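One structure is given here, and the rest of the page talks about it.
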Amino acid sequence: MGQISLNQVTKSFGDVQVIPPLDLDINEGEFVVFVGPSGCGKSTLLRLIAGLEDTTSGNIAIDDKDATALPPAKRGLAMVFQSYALYPHMSVRKNIAFPMKMAGIDEASQKAKIEAAASALNLTDYLDRKPGQLSGGQRQRVAIGRAIVREPAAFLFDEPLSNLDAALRVGMRLEIMELHEKLKTTMIYVTHDQVEAMTMADKIVVLQAGVIEQVGSPLELYHKPRNRFVAGFIGSPKMNLIDGPEAQKHGAATIGVRPEHLSVSKTEGLWEGTVGVAEHLGSDTFIHVHNTGLVDMMTVRITGDIEVRHGDKIYLTPDSTQIHKFDAQGLRQE
128 MGQISLNQVT KSFGDVQVIP PLDLDINEGE FVVFVGPSGC GKSTLLRLIA GLEDTTSGNI
188 AIDDKDATAL PPAKRGLAMV FQSYALYPHM SVRKNIAFPM KMAGIDEASQ KAKIEAAASA
248 LNLTDYLDRK PGQLSGGQRQ RVAIGRAIVR EPAAFLFDEP LSNLDAALRV GMRLEIMELH
308 EKLKTTMIYV THDQVEAMTM ADKIVVLQAG VIEQVGSPLE LYHKPRNRFV AGFIGSPKMN
368 LIDGPEAQKH GAATIGVRPE HLSVSKTEGL WEGTVGVAEH LGSDTFIHVH NTGLVDMMTV
428 RITGDIEVRH GDKIYLTPDS TQIHKFDAQG LRQE
């Protein structure tokens, strides 16, 4: 249960094609994250899978059955949106029960499923409260609980944490990952936040302008980005990309060096620069370095106990084993 295949799927709005022909296989039980910049087509792709948008061409199979023309209710999927969409006049218990009530499930079965979902989501003590008495994170858990009781073939999450503050986002991220471990159900998760993608996914699908740029595990994308776009998008802070003579020395049109693969010295090194803003995060410090003669600004990640000040002259040296090379088309060179 929960295997989804897209074969030459396209989507157009009028004369504008937002999803060119696209193939993608999602395996049973995987946690797959669609990630990319705003407008890249990730939410549209999720809505095509859910049946909330019609495909222009191609087909979608769910568990080896053609679901292209099926309405959302017949696809066996459950979607969790950015907005919680809870009924404010109903208790948590009744909100979770609502889809089962609509499906005509008997009350004894409803009760058992509600209790199981509440236990999995740490909502047992809140079942008799109204949504207005809950925090944002608790409301989102109720929305997830309402999806769980449907026992879907797959869960579809459309930027479900966007409305939460930073601390709640981290907490809910961990809870969704724990839930996946418990349920072992296929999950597809849309986000523009590549940190969420890296920390949550079994498999990441990187999109740009409706095109899949790369599919792979977080570490595959980190260590071997297929092209310059993926290299610059995956990783936090993002990779430093250098063109010109320095790249040509390495036989490439562009080289990439991640901030964590640059060493810093105050006396010697390959590239000289001037410290600009330093972001102190405790264990780490991100230094923004100017006047290297390579790019307008380079970002370096160092341990938090190295003392640097705005205007200091420093020297940077890349780890020679961690230099990424890209050709004139932006494709990875080995």
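Taken in order, the sequence shown gives residues 128 to 461; the numbers are from the numbering used here.
For every residue, glycine included, the Cβ atom is placed at its ideal position computed from N, Cα and C.
Note that the structure is predicted; figures quoted are calculated from it, not measured.
Let me make sure I understand the geometry here. Which of the options has the alpha-carbon closest to that of residue i?
i: Pro445; options: Thr412, Trp398, Pro226; result: Trp398
i: Ile369; options: Gly383, Phe360, Gly359; result: Gly383
i: His257; options: Phe413, Ala247, Ala270; result: The residue you asked about is not His; residue 257 is Lys in the sequence shown. Answer by Cα proximity: Ala270.
i: Ala239; options: Gly272, Ala200, Arg436; result: Gly272
i: Lys376; options: Lys452, Ile303, Val159, Lys169; result: Lys452
i: Ala247; options: Met299, Ala235, Leu204; result: Met299
i: Leu306; options: Pro147, Tyr253, Met206, Asn249; result: Asn249
i: Asp411; options: Ile429, Ser390, Leu348, Ile176; result: Ile429
i: Gly178; options: Ala194, Val219, Lys169; result: Ala194
i: Lys311; options: Met217, Met424, Gly156; result: Gly156
i: Lys365; options: Ala374, Pro352, Gly371; result: Pro352
i: Val404; options: Glu434, Val332, Leu261, Ala358; result: Glu434
i: Val402; options: Leu421, Thr426, Val160, Leu408; result: Thr426
i: Gly129; options: Cys167, Pro279, His319; result: Pro279
i: Arg459; options: Leu334, Asp152, Ala281, Leu348; result: Leu348
i: Phe161; options: Gly431, Gln321, Phe413, Gln449; result: Gln321
i: Pro148; options: Val159, Gln135, Asp142, His417; result: Gln135
i: Leu408; options: Gly400, Gly431, Met327; result: Gly431
i: Met217; options: Leu261, Arg202, Gly203; result: Leu261
i: Glu308; options: His319, Leu288, Met327, Val297; result: Met327
i: Thr171; options: Leu301, Ala336, His350; result: Ala336
i: Glu461; options: Gly362, His350, His319, Phe356; result: His350
With 16 as the cutoff for other CB atoms within 10 Å, does residue i come out buried or exposed?
i: Pro386; result: buried
i: Ser447; result: exposed
i: His415; result: buried
i: Pro198; result: exposed
i: Gln341; result: buried
i: Arg220; result: buried
i: Glu140; result: It should be noted that the sequence gives Phe, not Glu, for residue 140. That one is exposed.
i: Lys169; result: buried
i: Glu406; result: exposed
i: Pro372; result: exposed
i: Leu389; result: buried
i: Gln237; result: buried
i: Gln265; result: buried
i: Gln449; result: exposed
i: Leu421; result: buried
i: Leu301; result: exposed
i: Ala358; result: buried
Have a look at residue i and residue j and give me their C-alpha separation to the nearest angstrom.
i: Gln144; j: Asp233; result: 45 Å
i: Thr394; j: Asp150; result: 52 Å
i: Leu213; j: Glu242; result: 18 Å
i: Asn154; j: Ser165; result: 26 Å
i: Thr313; j: Ala224; result: 22 Å
i: Ala379; j: Gly457; result: 10 Å
i: Thr251; j: Lys440; result: 58 Å
i: Asp285; j: Tyr316; result: 6 Å
i: Lys228; j: Ile303; result: 25 Å
i: Glu180; j: Pro215; result: 28 Å
i: Ala205; j: Ile275; result: 8 Å
i: Thr419; j: Val338; result: 34 Å
i: Asp454; j: Asp423; result: 21 Å
i: Asp191; j: Ala244; result: 28 Å
i: Met325; j: Leu133; result: 23 Å
i: Ser210; j: Ala196; result: 27 Å
i: Gly438; j: Asp152; result: 51 Å
i: Leu175; j: Asp255; result: 35 Å
i: Ile331; j: Tyr253; result: 34 Å
i: Val207; j: Phe413; result: 35 Å
i: Phe282; j: Pro226; result: 15 Å
i: Ile189; j: Ala374; result: 46 Å
i: Leu295; j: His319; result: 17 Å
i: Ser363; j: Leu173; result: 25 Å
For chain D, is any of its Cβ atoms less than 7 Å away from the one on residue i?
i: Gly156; result: Reference to chain D is not applicable here, since this structure consists of a single protein chain.
Report yes if the CB atom of residue i is closer than 7 Å to the CB atom of residue j, and no otherwise.
i: Gly396; j: Leu443; result: yes
i: Ile146; j: Thr137; result: yes
i: Gly163; j: Leu334; result: yes
i: Leu291; j: Gly263; result: yes
Inset, instruction - Could you name each continuous beta strand (DSSP E) segment of 3 residues or more that falls completely within the stretch 181-246, going from the start of the chain to the end? - result: DSSP assignment within the stretch 181-246 yields the following whole beta strand (DSSP E) runs of 3 residues or more, N-terminal first: 184-189, 204-207.
Inset, instruction - Tell me the start and end of each unbroken alpha helix (DSSP H) in the stretch 134-181 that is at least 4 residues and wholly inside, in chain order. - result: Within the stretch 134-181, the runs of alpha helix (DSSP H) at least 4 residues long that lie entirely inside it are, in chain order, 169-177.
Legend entry - Minimum length 4: unbroken alpha helix (DSSP H) runs contained in the stretch 239-314: Under the rule that a run must span 4 or more residues, the alpha helix (DSSP H) segments found entirely inside the stretch 239-314 read 263-275, 293-310.
Inset, instruction - For the stretch 336-367, list the beta strand (DSSP E) runs that are entirely contained and at least 3 residues long, ordered along the chain. - result: Taking only runs of at least 3 residues, the beta strand (DSSP E) segments lying wholly in the stretch 336-367 are 338-343.
Legend entry - Ordered list of beta strand (DSSP E) runs contained in the stretch 399-440, each at least 3 residues: For the stretch 399-440, whole beta strand (DSSP E) runs of length 3 or above, ordered along the chain, are 411-417, 425-430.
Inset, instruction - Could you name each continuous beta strand (DSSP E) segment of 3 residues or more that falls completely within the stretch 363-393, going from the start of the chain to the end? - result: Within the stretch 363-393, the complete beta strand (DSSP E) runs of at least 3 residues are 367-370, 381-384, 389-392.
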